[in-house]
């Protein structure tokens, strides 16, 4: 990492730390809700309520993701943002108070349902998360609808039932569209767009197909055109984590509402009437839930596979590669011919005495600490595994004799530098003996032969007094 990149990452970490503090979270709520309200207000038809109203979903998501904001000051910031947006755009104080009371009721109900869930469930990382999301969104919409049913005759000279229906459907649609994005987003990292490594070129294909599906839907038209992007959305759910999938579904929802209301899809027969439009909006939103649910299932599956992979390849105590994983990885590197290379065998000196004097818990603590110290001395790409007991092996590819000796000696000195501290306050002085074989030419011997040579050098190191390094070189003169 360059110095400039390190500075940018440091600034990003400072900014994130500020957002997680109560003042930062409150400021974020105030600004986000205010801007979201302006978006909804300026895109609504004159004399009507907004169809796109992301403010409630964004406020709910921020309260759930930033626990320090879920305090009276955070709720007050949200209420102030609501009122400011309405009053600054010409609404009367009475109208603004009624509308924003409905908004706060909606957010409060959603928060009461979702805040009790575990963090992994809130962040949509479990298959059941979507069910809770739908339940909370429906309950929040129903709560807002109760206020809207009473407010509709007063503010818009319309019926109670139509007010409840519009408020309920609008809240449900907006929650299902915007809330998954806020709940699933991860703290940003410099140079990262999605949660994980930068997208490879092949990873962009589902997003491209989704865009093309929308374009084809506009060209073809007809009643089924609205469903053209569904296969691409499901593909996104299979390939992407939850957050980018949620972004794709949000784009689909906005696209669907836009092309229907503006009439971009030819020959799309839309029944007249408020209930018909509500039905279409709800249908498009529920379609968008499927890829999010699929992404949650895939993410949960991938996490489970990762745990199973660790169980199969990692030593459960130290976290180093187990014997099988180390041998397989080392064999692959040997087949690639990454010469010269070195194989090291390490053994903790007098480890049986450590177990006898400090107990097996003390011995385990020594193994864990020695593993950490050894790993800190290795280069990126070096292999490190625990072969059994107190015996470890290291595979160092692409190294000269000088580099291999430096790595081995650095490990020996680091292990012996300070005693290992135990939880009971005692300390254990530890040293290690190392046997190393350096290979300078291909075809000298196989991996098993190299391990045997390194083990013989290790035996010599122990025989010559321990806490030392013994080296053998293969390939110079055929010896």
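In my numbering, the protein residues as written are -11 to 467. C-beta: ideal position from N, C-alpha, C; glycine also. Quantities reported herein were computed from a predicted structural model and do not represent experimental measurements.
Is the CB-CB distance between residue i and residue j below 8 Å?
i           : j           : result
residue 134 : residue 121 : no
residue 419 : residue 334 : no
residue 276 : residue 164 : yes
residue 436 : residue 373 : no
residue 48  : residue 160 : no
residue 406 : residue 395 : no
residue 118 : residue 286 : no
residue 457 : residue 397 : yes
residue 18  : residue 68  : yes
residue 371 : residue 314 : yes
residue 301 : residue 359 : no
residue 234 : residue 172 : yes
residue 424 : residue 368 : no
residue 90  : residue 136 : yes
For residue i, count neighbouring Cβ atoms within 10 angstroms of its own Cβ and tell me buried if that reaches 16, exposed if not.
i           : result
residue 293 : exposed
residue 403 : buried
residue 354 : buried
residue 328 : buried
residue 123 : exposed
residue 452 : exposed
residue 77  : exposed
residue 70  : buried
residue 263 : exposed
residue 145 : exposed
residue 272 : buried
residue 232 : buried
residue 388 : exposed
residue 211 : exposed
residue 378 : buried
residue 390 : exposed
residue 312 : exposed
residue 415 : exposed
residue 192 : exposed
residue 87  : buried
residue 446 : buried
residue 441 : buried
residue 290 : exposed
residue 468 : Any property of residue 468 remains undetermined from this structure, which presents the chain solely from -11 to 467.
residue 229 : buried
residue 381 : buried
For residue i and residue j, which I take to be in contact (beta-carbon distance under 8 Å), what is that distance rounded to the nearest angstrom?
i           : j           : result
residue 168 : residue 224 : Their Cβ separation, rounded to whole angstroms, is 13 Å, which puts residue 168 and residue 224 out of contact at 8 Å.
residue 94  : residue 131 : 6 Å
residue 427 : residue 462 : 5 Å
residue 14  : residue 57  : 6 Å
residue 158 : residue 41  : 6 Å
residue 299 : residue 422 : With 8 Å as the limit, residue 299 and residue 422 do not qualify as a contact, their Cβ atoms being about 29 Å apart.
residue 339 : residue 238 : 57 Å between Cβ atoms; not a contact.
residue 65  : residue 98  : Actually they are not in contact, since the Cβ atoms of residue 65 and residue 98 sit about 17 Å apart, beyond 8 Å.
residue 206 : residue 247 : 6 Å
residue 386 : residue 326 : 5 Å
May I have the straight-line CA-CA distance separating residue i from residue j, to the nearest angstrom?
i           : j           : result
residue 16  : residue 25  : 14 Å
residue 449 : residue 347 : 26 Å
residue 186 : residue 221 : In this prediction, residue 186 has a pLDDT of 43, which is less than 50 and means its spatial position is unreliable; nothing more can be read from the coordinates.
residue 52  : residue 103 : 6 Å
residue 92  : residue 195 : 35 Å
residue 61  : residue 45  : 18 Å
residue 241 : residue 74  : 25 Å
residue 155 : residue 126 : 11 Å
residue 342 : residue 413 : 15 Å
residue 226 : residue 31  : 33 Å
residue 429 : residue 114 : 52 Å
residue 219 : residue 107 : 30 Å
residue 375 : residue 304 : 12 Å
residue 174 : residue 337 : 45 Å
residue 410 : residue 54  : 37 Å
residue 317 : residue 50  : 44 Å
residue 284 : residue 408 : 43 Å
residue 27  : residue 208 : 31 Å
residue 203 : residue 236 : 15 Å
residue -3  : residue 150 : Confidence is the limiting factor: at residue -3 the pLDDT is only 43, short of 50, which leaves the residue's position unreliable, though a coordinate-based value still follows. Taking the straight line joining both Cα atoms gives about 51 Å.
residue 147 : residue 5   : 48 Å
residue 323 : residue 434 : 10 Å
residue 81  : residue 63  : 19 Å
residue 351 : residue 362 : 16 Å
8 Å is my cut-off, CB to CB: does residue i come that close to chain B?
i           : result
residue 356 : In the displayed structure, chain B is absent; only one protein chain is listed.
Decide if the segment 140 to 159 is in contact with the segment 198 to 212; the criterion is three or more beta carbon pairs, one per stretch, under 8 Å apart.
no
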